[in-house]
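Engineer:
2 protein chains.
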Amino acid sequence: MTKQAKTAITPTRAEDYPEWYQQVVKASDMAERSPVRGCMVIKPWGYSLWENIMRVLDDMFKETGVKNAYFPLFIPLSFFEKEAEHVEGFAKECAVVTHHRLEKGLDGSLKPAGMLNEPLIVRPTSETIIGDSFSKWVSSYRDLPILVNQWANVVRWEMRTRLFLRTSEFLWQEGHTVHASEEEAVERTHMMLDIYARLAEEYLAMPVIKGRKTASERFPGAVDTLCIEAMMQDRKGLQSGTSHFLGQNFARASEIRFQSAEETEEYAWTTSWGASTRLIGGLVMTHGDDDGIILPPKIASSHVVLMPIIRKPQDRTNVMAFTENLAKELREKFYHHRRLEVEIDDRDIGGARGWEWIKKGIPLRVEIGPRDIANNSVYVGRRDRGHRDKASLARDHFVGEITNILDEMQQTLFERALSFRKAHTISIDKKKSFYEFFTPGNQEKPEIHGGFALSHWCGSDRCESKIKEDLSVTILCIPLNNQTEKGECICCGKPGDGQVVFAKAY
Amino acid sequence: MTKQAKTAITPTRAEDYPEWYQQVVKASDMAERSPVRGCMVIKPWGYSLWENIMRVLDDMFKETGVKNAYFPLFIPLSFFEKEAEHVEGFAKECAVVTHHRLEKGLDGSLKPAGMLNEPLIVRPTSETIIGDSFSKWVSSYRDLPILVNQWANVVRWEMRTRLFLRTSEFLWQEGHTVHASEEEAVERTHMMLDIYARLAEEYLAMPVIKGRKTASERFPGAVDTLCIEAMMQDRKGLQSGTSHFLGQNFARASEIRFQSAEETEEYAWTTSWGASTRLIGGLVMTHGDDDGIILPPKIASSHVVLMPIIRKPQDRTNVMAFTENLAKELREKFYHHRRLEVEIDDRDIGGARGWEWIKKGIPLRVEIGPRDIANNSVYVGRRDRGHRDKASLARDHFVGEITNILDEMQQTLFERALSFRKAHTISIDKKKSFYEFFTPGNQEKPEIHGGFALSHWCGSDRCESKIKEDLSVTILCIPLNNQTEKGECICCGKPGDGQVVFAKAY
């Protein structure tokens, strides 16, 4: 415990950020690696975050008229090939089903048997299979728009994986819409991006930049990919949700046509948009500290843990009665449309108990001992503050104020993350400074690069790849609210439009 | 429309029940076949039923301490082989992933590439892969019980498929629990079966018999399989949820061991239990009539559709205002923990509009024309009654009574289904009568067999298979509340315990 009294997670963020991430996820009991290559097991504490994210997003989607549906897990190879860029983009990372049963071989061991006529791809995304349904559902402009979403698992084979951030199988939602006009489809693309930004900022307390991907970073087959980008504590960027305007590309590939009001035959305009369990990785890296993860109250798996302190057996009845009574009262309260979730932890395991909840990132820890009960008070630790920073509060005051305290914590986490991003985002217009900014050894923390650089770019693939090659730095996005004046490309010096966001990225 | 004025679905149930099922599902717009062999597309109207079922079950699970988690889609072949009966039971219907990318072959077409060292099975159920996690999570009796559930897709390759009832991919939940004692595991098996029975009877209005499967019908690897069985309108049985006591079989296969309070090393006791989108097929076949499906209000995708009748353009403003005002007021009401869902359908498509909603099974259809508005009344059709049976109700009376009307409909549907089951369930103790009961041509409707026969059975596999061979009749279950006296086996005449339920089954 002496060690833990310094920091609960080894190494610290400053010592080794990638390893800190692995350790902090492990210590939180949110997820673990599975014996299946690249796949993770999402444990209950991690899954409940996903449940909360699903609930918030699902409500926001439905408010805009979106309905949920479900499409097949498998995509026939021939469907997948319909859009040339699309198949090119995913061919290298597909799980392929080739057989439909197992049979004992001559050596007595089971072998794949019943070979399929056409291999099936486990969906890495569903544009082509959903497009096939759309082509049947749409015949007239009266059938439009179609607005559907599915909550599903997808598979993109990964060789190097990290829990939540990059796994071969992950959970996500993918929305797919069909429109009669380009304007309406573009508007929908922005509307859904705004929903992702609201989820990120209002619920995950994760400030994001809304932007547009460059051609080289676009979704395979899209005309335009919008994204939200967040800064992690190692100052790298994390793409946290994307919304694609697909033009008529997938409509042509899947023959989604309709008769317009003017009785002409037209290809429809489609969009798709997705957010995944990766958001949980973003949450960890945005708010976690050297003691573990910190859950924003509005999305937390649980809000408060009550820890009765029973030093003498004869105290038990009294302390537990006070604890259960408090729990009951708290559970009747609502916090942002759901009931307060209260844990009671009466395990007799010493200081390890409090540390476990710190590592799990629960917003409030409440200790209840005979002395607190005598004073009708509780001893409260807030996860957004240091682990020693605890305060005695009158019980009824605590009950009355708890939702305000949680709101204040939510606000603090957001502002802290926003300050961090601001502190590590700078405008750079000299190539030399730009290279220094992204070169380890030139910063106070040598292993961490500078952060986000706002610089001009001429728009060429050449300059984009040169910088990627030299520095492993990409254009995170071209911000949508880009108000800056024209300037010289940070790479070649030719004229460029407003500044774009350069950063190392996950 | 003249044809539709008789029945909306062709053929009727009496004419051709299996074909009626296909047509009624299609007409309801709930689901459709996909181009992927054996997989279905669940359309929004169908998926919302699944969302409602998920919500009800999830709440009931959580009340018993179950938490959700998520485990990998893929199961390595070697894991799958750990339990001998288990692999035997599923080997013939597995989707097998053998490659992890696509590569252009010499002929320029894409082919599977990157062969895996070990084939991966797309989960048909997850005992073995979840067992692996459990083996790491459990070391002491203090870690028990573990109570987890996952909402997931599973794949069991089927050659002959029917929407919802039997598809290669389906959606379900699978719960998995680990216990320190046999009694506790057995108790959990029954507890979860009771939850399925509550879902079926209280929400789906589908009366069920709780029972136990015979050895030949058990889940592969289980010690005991409990089930709920419902009677469809063709008098066949539909297994609608199962709960398995797995003994220590899977604990041995996956090495789930713990140190007991007495410091001995023990294998744990496990259970698993699941219900799937098959329930939607059951719903259709329990309540549907020759005009389409009928949705029980407590689980309905939507509760009421308002259909403004606008004969003259100048009426529009007035009729729509009345309609929207009514919708607003209804949407503020709650019905069994969720808000009333109200559709407004102002399409100008004549009688097809009302028929569409009848076929979709929405509980209440409300017509609103200028005359109704003048009387401050609405014209209401209930889906549990004939399509001509409509009544004018004072608007405010309708608003005040709507939840009572829905409850009454829910009750009517349940009672109707229960009466149907009772009418077609008989005790039979003569072999000749038994064979007649299940032989087409001896009933008033020659194409439909008799129903459920309650008869004695000696307990032997031989008699069970003889009857299956002769009549395609199986033992649906041995009812849990079996109070009948001993009697003679319907097949061999030897002594048997209480009666069991014989029926043709889906």
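Protein sequences, first through last, are from chains A and B.
For the first sequence, the residue numbers in numbering that gives the first Met the number 0 are 0 to 505.
For the second sequence, the residue numbers in numbering that gives the first Met the number 0 are 0 to 505.
Glycine included, C-beta positions come from ideal geometry on N, C-alpha and C.
Quick caveat: nothing in here was measured; it's all calculated off a predicted structure.
1. Would the beta-carbon of T188 of chain A fall within 8 Å of that of S242 of chain A?
2. Taking Cβ to Cβ, would you say A452 of chain A is nearer than 8 Å to K235 of chain A?
3. Got a sec, what are the start and stop residues for the alpha helix (DSSP H) P17 of chain B sits in?
4. Taking the C-alpha atoms as reference points, what is the distance between A151 of chain B and E463 of chain B?
5. Are the C-beta of K91 of chain B and some C-beta of chain A separated by less than 8 Å?
6. Counting only C-beta atoms, is P43 of chain A closer than 8 Å to chain B at any point?
7. Apart from the five residues just before and just after S426 of chain B, which ones in its own chain have a Cβ nearer than 6 Å to its Cβ?
8. Give the residues from the segment 122–141 of chain A that approach chain B closer than 9 Å (Cβ to any Cβ), ordered along the chain.
9. Quick check on the burial criterion: 16 or more other C-beta atoms within 10 angstroms. Buried or exposed for E355 of chain B?
10. Using C-beta distances below 6 Å, list every residue in its chain close to E157 of chain B, excluding the 5 sequence neighbours before and after it, in chain order.
11. Could you tell me if K493 of chain A is buried or exposed, where buried requires 16 or more neighbouring beta carbons within 10 angstroms of its beta carbon?
12. Would you say K327 of chain B faces chain A, with C-beta separation under 8 Å as the test?
13. Closest to G368 of chain A by CA distance: which of A:N481, A:L305, A:H448 is it?
14. What three-state label does DSSP hand L162 of chain A in the structure shown?
15. Residues in the segment 162–183 of chain B with C-beta within 9 Å of chain A's C-beta atoms, listed in sequence order?
16. Taking the Cβ atom as the reference point for each residue, do K81 of chain B and T127 of chain B lie within a distance shorter than 8 Å?
17. Applying a beta-carbon distance threshold of less than 8 Å, which residues of chain A neighbour P71 of chain B?
18. Can you list, in chain order, the residues of the segment 49–70 of chain A whose Cβ is nearer than 7 Å to any Cβ on chain B?
19. Going by alpha carbons, who is nearest to E186 of chain A out of A:P144, A:E201, A:I208, A:Y20?
20. Would you mind sorting N374 of chain A into buried or exposed? The rule is 16 or more other CB atoms within 10 Å of its CB.
21. Determine, using beta carbons only, whether V499 of chain A and I466 of chain A come nearer to each other than 8 Å.
22. Would you kindly check if the distance between the Cβ of I298 of chain A and the Cβ of Y202 of chain A is under 8 Å?
23. If the cut-off is 7 Å on Cβ atoms, which residues from the segment 96–107 of chain A count as contacting chain B, listed in chain order?
24. Going by CA-CA distance only, name the one from A:C490, A:G210, A:G349 that's closest to L479 of chain A.
25. Do you know whose CA, among A:H455, A:A112, A:E484, lies nearest I474 of chain A's CA?
26. Taking 8 Å as the threshold (C-beta atoms), are S301 of chain A and I361 of chain A in contact?
27. Taking the alpha-carbon positions, what's the L325 of chain A to E366 of chain A distance?
28. Determine the direct distance from the alpha carbon of F333 of chain B to that of E400 of chain B, and round the result to whole angstroms.
29. How is the beta strand (DSSP E) around Q410 of chain B delimited, first residue to last?
30. For Y191 of chain A, which residues of its own chain have a beta-carbon under 7 Å away from its beta-carbon, when the five flanking residues on both sides are left out?
31. Quick one: Cα of T63 of chain A to Cα of N148 of chain A, how far?
32. Helix, strand or coil: which one does DSSP assign to P34 of chain B?
33. What are the start and end residues of each continuous alpha helix (DSSP H) run of 4 or more residues lying completely inside the segment 307–340 of chain B, in chain order?
34. Assuming the contact rule is C-beta atoms closer than 8 Å, Q409 of chain B and P295 of chain B should be a hit. Round their C-beta distance to whole Å, please.
35. Mind checking whether A274 of chain B and Y195 of chain B have CB atoms under 8 Å apart?
36. Taking only the alpha-carbon atoms, compute the straight-line gap between I8 of chain B and Q232 of chain B and give it to the nearest angstrom.
Structural biologist: If we stick to the structure as given:
1. For this step, residue 188 of chain A is matched to residue 189 along the first sequence. For this step, residue 242 of chain A is matched to residue 243 along the first sequence. Contact: yes.
2. Start at 1 with the first residue of the first sequence, and residue 452 of chain A comes out as number 453. Start at 1 with the first residue of the first sequence, and residue 235 of chain A comes out as number 236. It is not a contact, given that the beta carbons lie outside the stated cut-off.
3. Within the second sequence, the letter at position 18 stands for residue 17 of chain B. Start and end: 16–27.
4. As a working note, residue 151 of chain B is residue 152 in the second sequence. As a working note, residue 463 of chain B is residue 464 in the second sequence. Approximately 34 Å, taken between the alpha carbons.
5. Walking along the second sequence from the start, residue 91 of chain B turns up at place 92. Contacts with chain A at 8 Å (Cβ-Cβ) include K91 of chain B.
6. Here residue 43 of chain A refers to the residue found at position 44 of the first sequence. Answer yes: the Cβ-Cβ gap between P43 of chain A and chain B drops below 8 Å somewhere.
7. Position 427 of the second sequence holds residue 426 of chain B. Taken in chain order, the residues that qualify are L453.
8. Cβ contacts with chain B come from I128, I129, D131, S132, K135, W136, R141.
9. In the second sequence, the residue the question calls residue 355 of chain B occupies position 356. Looking at its Cβ environment, which holds 16 or more other Cβ atoms inside 10 Å, E355 of chain B is buried.
10. Translated into the one-based positions of the second sequence, residue 157 of chain B becomes position 158. G37, R165, S167.
11. As a working mapping, residue 493 of chain A is identified with position 494 in the first sequence. Answer is exposed; the Cβ neighbour count stays below 16.
12. If you number the second sequence from 1, residue 327 of chain B lands on position 328. No, its Cβ sits nowhere closer than 8 Å to a Cβ of chain A.
13. For the purposes of this step, residue 368 of chain A is taken as residue 369 along the first sequence, with counting starting at 1. Considering only alpha carbons, the answer is A:L305.
14. One-based indexing of the first sequence puts residue 162 of chain A at position 163. Reduced to three states, the DSSP call for L162 of chain A is coil.
15. Going along the segment 162–183 of chain B in chain order, one finds S167, E168, L170 with a Cβ nearer than 9 Å to chain A.
16. Walking along the second sequence from the start, residue 81 of chain B turns up at place 82. Walking along the second sequence from the start, residue 127 of chain B turns up at place 128. Yes, the Cβ-Cβ distance between K81 of chain B and T127 of chain B is below 8 Å.
17. As a position in the second sequence, residue 71 of chain B is number 72, starting the count at 1. Ordered by position in chain A, the residues that pass the 8 Å Cβ test against P71 of chain B are S33, V35, C38, M39, V40, E168.
18. E50, K66, N67, A68, Y69, F70
19. On the first sequence, residue 186 of chain A is found 187 positions in, with the first residue counted as 1. Among A:P144, A:E201, A:I208, A:Y20, the Cα nearest to that of E186 of chain A is on A:P144.
20. Within the first sequence, numbered from 1, the residue matching residue 374 of chain A stands at position 375. The residue in question, N374 of chain A, is exposed, as its Cβ has fewer than 16 Cβ neighbours within 10 Å.
21. In the first sequence, the residue the question calls residue 499 of chain A occupies position 500. In the first sequence, the residue the question calls residue 466 of chain A occupies position 467. Contact: no.
22. Locating residue 202 of chain A in the first sequence gives position 203, counting from the first residue. Locating residue 298 of chain A in the first sequence gives position 299, counting from the first residue. By the CB criterion at 8 Å, Y202 of chain A and I298 of chain A fall inside the cutoff.
23. Answer set for the segment 96–107 of chain A: V96, T97, H98, H99, R100, L101.
24. Taking the first residue of the first sequence as position 1, residue 479 of chain A is located at position 480. That would be A:G210, whose Cα lies nearest to the Cα of L479 of chain A.
25. Residue 474 of chain A sits at position 475 when you count from the first residue of the first sequence. Answer by Cα proximity: A:H455.
26. For this step, residue 361 of chain A is matched to residue 362 along the first sequence. For this step, residue 301 of chain A is matched to residue 302 along the first sequence. Yes, Cβ-Cβ distance for I361 of chain A and S301 of chain A is below 8 Å.
27. As a working mapping, residue 325 of chain A is identified with position 326 in the first sequence. As a working mapping, residue 366 of chain A is identified with position 367 in the first sequence. Taking the straight line joining both Cα atoms gives about 12 Å.
28. Translated into positions along the second sequence, residue 400 of chain B becomes position 401. Translated into positions along the second sequence, residue 333 of chain B becomes position 334. Each residue's alpha carbon lies about 12 Å from the other.
29. Indexing the second sequence from 1 puts residue 410 of chain B at position 411. No beta strand (DSSP E) contains Q410 of chain B, which is instead part of the alpha helix (DSSP H) from 394–422.
30. Within the first sequence, numbered from 1, the residue matching residue 191 of chain A stands at position 192. Per the sequence shown, residue 191 of chain A should be read as Met rather than Tyr. Result list for M191 of chain A: G174, S242, W272, in chain order.
31. Looking up residue 63 of chain A in the first sequence gives position 64. Looking up residue 148 of chain A in the first sequence gives position 149. Using only the alpha carbons, I get a separation of about 12 Å.
32. The residue you call residue 34 of chain B lines up with position 35 of the second sequence. DSSP places P34 of chain B in coil when its eight states are reduced to three.
33. 315–330
34. Taking the first residue of the second sequence as position 1, residue 409 of chain B is located at position 410. Taking the first residue of the second sequence as position 1, residue 295 of chain B is located at position 296. 5 Å between Cβ atoms; contact.
35. Mapped onto the second sequence, residue 274 of chain B falls at position 275. Mapped onto the second sequence, residue 195 of chain B falls at position 196. Yes. Within cutoff.
36. Within the second sequence, numbered from 1, the residue matching residue 8 of chain B stands at position 9. Within the second sequence, numbered from 1, the residue matching residue 232 of chain B stands at position 233. Approximately 15 Å, taken between the alpha carbons.
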